[in-house]
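Mapped onto this note's numbering, the consecutive letters of the sequence shown carry residue numbers 10 to 389. Each residue gets a CB set at the ideal place from its N, CA and C atoms; glycine is no exception. Just so it is clear, the structure is predicted and the values come from calculations on it, not from any experiment. Following: one structure in structure tokens, then a few remarks.
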Amino acid sequence: MRTRILTPIIILLLLGGVAEASQPFEYRYLTRAATVELLLRASRESIPDLSQEAIHYPDVIAAQTHSKYILYATTLGMIDPEPKRGLLFPYRSVSRAEFLKMMAIAFNLPQFIPHTYQDIENNSWYAPYVGLASYYHIFEDAIDTHQLQPAMRVTPEEAEKALRRFFLIEPDRIPRNFSFTVEENKPTGIRATPQLVKNAIINLFQRDNVVSPDTTRQEVIALVNEKRAKEKLPSLTENILLRISAQKHAKDMYQRGYFSHITPEGVDYVDRIRAANYLDVDQSKCGCKTVFNLRSLIETNRKETTPSSMTSQTKVCGCRPRFSVGENIAKGQLTSKQVMEDWMNSIPHRANILHPQFEEIGIGLFGDIWVQNFGRMKIE
């Protein structure tokens, strides 16, 4: 199936300066498919077989594991099909507001429960459901209990924690034999492959929306700079070397079927950006008599300062190279607006897009894989 995922990583390598860097782990969010499966298994003993309904939704294949949950959730109103093409986007990430709506419908919970959240508009579509978070102590913020942050994406761990708290108050609702973990079914017979579904959706969308990759790249850059302008940050300019690095990684992930900042061979984004010659330093201009290993210097002098930042400081011959590089990746989005919406709804992705250290950007796009490579390079 087509997966809609995104994950950021940022490492600002400043030789002779200080910079921030990313968390050393990848961010993963709960998908629509995983959410409805969890909530429906947790709220009822059995799910009806609606596989014949899959024909109405191009991005749902009846033979896939999640399909019966997705199809049943649609009949209940937990998921609303995209009106133009009937797409359900089973692997789109889920916000707190969406999770609460799905939970309310799955368990047939009351609406408009009183709450004290200050970031909820009374006329918002999710206003009827947010009181559930307050009543069942879901998505609690230890710093500010008056903020729900309804657009924040939900992780699998947060969803499980939410249900456990719900069951503490409503123990009689736990179905027999319910478990938070599900054993993977072994494939039997001929089944639709994720690549088949992915290609079908991309072809369906592109058939009605013929947009060149170059146009899409420029749209993403324009949207990035629009967001930066609102924060009074300078615009990023396109760099062909960052674009080459991003494009190669997008194509490689798509063709080899993985999704990570690190390739199966262990090559990370710093190596990939460097391989595109973005981090090249003319060592002769630094007065160096011998060739130095730039990556070795980066790793040797890099040290963690906080869980989300690192620095690298050194003097190379007569120069002080300063580097800042970072990366966002995403999977499953079909338009520049979709991918930017998902990135901006994620705190670490947003931080990359709005980071003041970056000056340049390159966009990679292949199939439904998106890559943003950010950079800054100064030689003093």
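C-beta contact flag for residue i and residue j at 8 angstroms
i    : j    : result
L242 : I230 : no
N382 : A284 : no
D68  : L97  : yes
P92  : I79  : no
E336 : V380 : yes
S104 : V163 : yes
R101 : R41  : yes
A168 : Y135 : no
M112 : L118 : yes
I271 : L251 : no
N354 : A160 : yes
D377 : Q342 : yes
Per-residue burial, residue i [other beta carbons within 10 Å of its own, 16 or more giving buried]
i    : result
I64  : exposed
A238 : exposed
E247 : exposed
L177 : exposed
R173 : exposed
S188 : exposed
K346 : exposed
T224 : exposed
L185 : For the record, residue 185 in the displayed sequence is Arg; it is not Leu. Per the 10 Å Cβ criterion, exposed.
I183 : exposed
I372 : buried
R265 : exposed
H358 : buried
Y38  : buried
D181 : exposed
S333 : buried
Residue range of the unbroken beta strand (DSSP E) whose run includes residue i
i    : result
G373 : 369–375
Start and end residues, alpha helix (DSSP H) containing residue i
i    : result
E179 : E179 -> no alpha helix (DSSP H), and no H or E assigned at all.
I122 : No alpha helix (DSSP H) contains I122, which DSSP labels as neither H nor E.
T84  : 76–85
T225 : 222–239
Contact set for residue i: own chain, Cβ-Cβ below 6 angstroms, skip 5 residues either direction
i    : result
F375 : A259, K260, Y263
K387 : R331
E368 : R385
A82  : V45, I88
M425 : The requested residue 425 does not occur in the structure, where the chain is confined to residues 10 to 389.
A171 : I147
Y66  : G95, L97
Y278 : H270, E336
Contact set for residue i: own chain, Cβ-Cβ below 7 angstroms, skip 5 residues either direction
i    : result
L48  : M111, M112, A115
I56  : L49, K77, Y78, Y81
P365 : L242
H75  : A42, E46, P99
message: Any contact between the stretch 135–155 and the stretch 112–124? By contact I mean 3 or more CB pairs, one from each, below 8 angstroms.
response: yes
- prompt: Is there contact between the stretch 145–159 and the stretch 82–89, where contact requires at least three CB pairs shorter than 8 angstroms?
  reply: no
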